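Notes for the one structure printed next.
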Amino acid sequence: MGVGIEVKNLNAWYGQTHSLVDINLNMPANHATALIGPSGCGKSTFVRCLNRMHETNPIARATGSVRMGDIDVYKDASPVEIRRRIGMVFQRPNPFPTMSIYDNVASGLKLNGFRNRRIMDEVVERSLRGSALWDEVKDDLRKKSGASLSGGQQQRLCIARALAVEPEVLLMDEPASALDPVSTSKIEDLIFNLKSQYTIVIVTHNMQQAARVAENTGFFLNGRMVEFDSTHKIFTNPSDKRTEDYITGRFG
Ligand SMILES: Nc1ncnc2c1ncn2[C@@H]1O[C@H](COP(=O)(O)OP(=O)(O)OP(=O)(O)O)[C@@H](O)[C@H]1O
Ligand SMILES: [Mg+2]
Numbered sequence: 000m001g002v003g004i005e006v007k008n009l010n011a012w013y014g015q016t017h018s019l020v021d022i023n024l025n026m027p028a029n030h031a032t033a034l035i036g037p038s039g040c041g042k043s044t045f046v047r048c049l050n051r052m053h054e055t056n057p058i059a060r061a062t063g064s065v066r067m068g069d070i071d072v073y074k075d076a077s078p079v080e081i082r083r084r085i086g087m088v089f090q091r092p093n094p095f096p097t098m099s100i101y102d103n104v105a106s107g108l109k110l111n112g113f114r115n116r117r118i119m120d121e122v123v124e125r126s127l128r129g130s131a132l133w134d135e136v137k138d139d140l141r142k143k144s145g146a147s148l149s150g151g152q153q154q155r156l157c158i159a160r161a162l163a164v165e166p167e168v169l170l171m172d173e174p175a176s177a178l179d180p181v182s183t184s185k186i187e188d189l190i191f192n193l194k195s196q197y198t199i200v201i202v203t204h205n206m207q208q209a210a211r212v213a214e215n216t217g218f219f220l221n222g223r224m225v226e227f228d229s230t231h232k233i234f235t236n237p238s239d240k241r242t243e244d245y246i247t248g249r250f251g
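Per numbering that gives the first Met the number 0, residue 0 is the first one in the sequence shown, and the count goes up by one each step.
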């Protein structure tokens, strides 16, 4: 099941650059939250703060609180545990190119010391079904490598890889922006279906996409969250002039 994420007074820096300023945001469990805003406004930094990827950059720093359910993400668990529970999918599909499809999906389990073959087979199948890739690859699990798949298939493979370790939250940073329209619509259908089991946070430059998959949307600008509301409200009747300017294409 998904859990909600609650962010309070989050600030983030790269060296002297103050990239996120006082972000407060609640992302409810089993919903999709979309984050939009012009390039460089801090969307990727924000999602990377949620699963403690931000701190893997030696010049990066963050303050404030991130809670997932009952857990304080920065205090109550290790970064490794947090990154298992809060999975991430990136803009460019990044499967392990020489590993088989099977090993790509199983990689997280193997890293966690998991060895039981029968259960591993089950998890691989369930994850590939969960990412709507199973039917296309089930006969080639060990024959084909991650790199041999199409871009859209690679992205669904990466989603399967993320699902295999049973996360509660999935962060998706522009997961479809490198994909063709058919693959994009598959990913969108998938996000829509994954909500029943996971909490989704999706960064997107595509406003139609936000409208299709997300109940709520946050608009970021210059490191601040200008407005957060139901997606419908943000796109039809935003409260802030800057949001309106952005969604009507006046800047960004
Ligand atoms: N690794 C980094 N080192 C230094 N500064 C960074 C780094 N990554 C991001 N920044 C800075 O932090 C700010 C926010 O960047 P971020 O990547 O979060 O924006 P974004 O909204 O995801 O943009 P885009 O839509 O282009 O992906 C920018 O000013 C950027 O220059
Ligand atoms: Mg980004």
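Heads up, the beta-carbon is just placed ideally off N, CA and C, and yes, glycines get one too. Computed from a prediction, not measured in an experiment: that's the story for all the values here.
Alpha carbon to alpha carbon, what distance is there between I70 and S77?
Computed Cα separation, rounded: 11 Å.
For A175, which residues in the same chain have their Cβ closer than 8 Å to its Cβ, ignoring the five residues on either side in sequence?
Within the same chain, A175 has close Cβ partners Q154, S182, T183, I186, E187, T203, N205 and Q208.
Out of E173, F95 and N111, point me to the one whose CA is closest to S144's CA.
The option with the nearest alpha carbon to S144 is F95.
Relative to the C-alpha of M26, which residue among A146, L156, T216 and R114 is closest?
Nearest option by C-alpha distance: T216.
Nearest CA to the CA of R84: which residue from G248, T32 and Q196?
Checked all of G248, T32 and Q196; the closest Cα to R84 is Q196.
When the Cα of V2 is compared with those of I35, K194, T247 and F89, which residue comes out closest?
Put simply, of I35, K194, T247 and F89 the residue whose alpha carbon is nearest the alpha carbon of V2 is K194.
Does ligand 1 have even one heavy atom less than 7 Å from the beta-carbon of S229?
It does not: the Cβ of S229 is nowhere closer than 7 Å to a heavy atom of ligand 1.
Bridge-paired residues (DSSP) for R60:
Looking at the DSSP assignment, R60 forms a beta bridge with W12.
Would you identify the three-state DSSP class for F234, choosing helix, strand or coil?
Note: F234 maps to helix in three-state DSSP.
Helix, strand or coil for F218? Go by DSSP, reduced to three states.
Of the three classes helix, strand and coil, the one that applies to F218 here is strand, per DSSP.
For ligand 2, is there a heavy atom less than 7 Å away from the beta-carbon of V88?
For ligand 2, not one heavy atom lies less than 7 Å from the Cβ of V88.
Closer than 6 Å by C-beta to G41: which residues in its own chain qualify, once you throw out the five before and the five after it? Chain order, please.
Around G41, the same chain offers S18, L19, F219 and G222 as residues with beta carbons nearer than 6 Å, after the five sequence neighbours per side are excluded.
Going by DSSP in three states, K7 sits in which element: helix, strand or coil?
Judged by DSSP in its simplified three-state form, K7 adopts strand.
Beta bridge counterpart(s) of E226 as assigned by DSSP
Note: E226 sits in a beta bridge opposite F218.
Could you name the residues of the same chain whose beta carbon sits closer than 6 Å to that of E167, not counting the 5 residues immediately before and after it, in chain order?
Listed in chain order, the non-local C-beta contacts of E167 below 6 Å within the same chain comprise G1, V2 and R84, local neighbours out to five positions each way being set aside.
So, at 7 Å on beta carbons, what are the nonlocal neighbours of D239 in its own chain, with the 5 sequence-adjacent residues on each side left out?
Once the five neighbours on either side are set aside, the close Cβ partners of D239 are V225 and E226.
Could you check which residue in C157, E135 and I201 has the C-alpha nearest to that of R47?
When only C-alpha atoms are compared, the closest one is I201.
Taking DSSP as the reference, what is the three-state secondary structure of G36?
Coil at G36, not helix or strand.
Three or more C-beta pairs closer than 8 Å, one from the segment 29-36 and one from the segment 53-64: is that the case here?
No, the segment 29-36 is not in contact with the segment 53-64.
Hey, would you say the C-beta of E18 is under 7 Å away from at least one heavy atom of ligand 2?
As written in the sequence, residue 18 is Ser, which differs from the Glu given in the question. Outside the cutoff, so no.
Burial state of T198, where buried means 16 or more other Cβ atoms lie within 10 Å
Label assigned to T198: buried.
Own chain residues within Cβ distance below 6 Å of A146, not counting five before or after:
Shown here for A146: same chain residues with a beta carbon closer than 6 Å to its own, the five before and five after excluded, namely P96 in chain order.
Which runs of the beta strand (DSSP E), 3 residues or longer, sit entirely within the segment 145-180?
For the segment 145-180, the continuous beta strand (DSSP E) assignments of 3+ residues that do not extend past its boundaries occur at 168-172, in sequence order.
Starting from G86, follow its DSSP beta bridges and name the residues at the other end.
Partner(s): L169.
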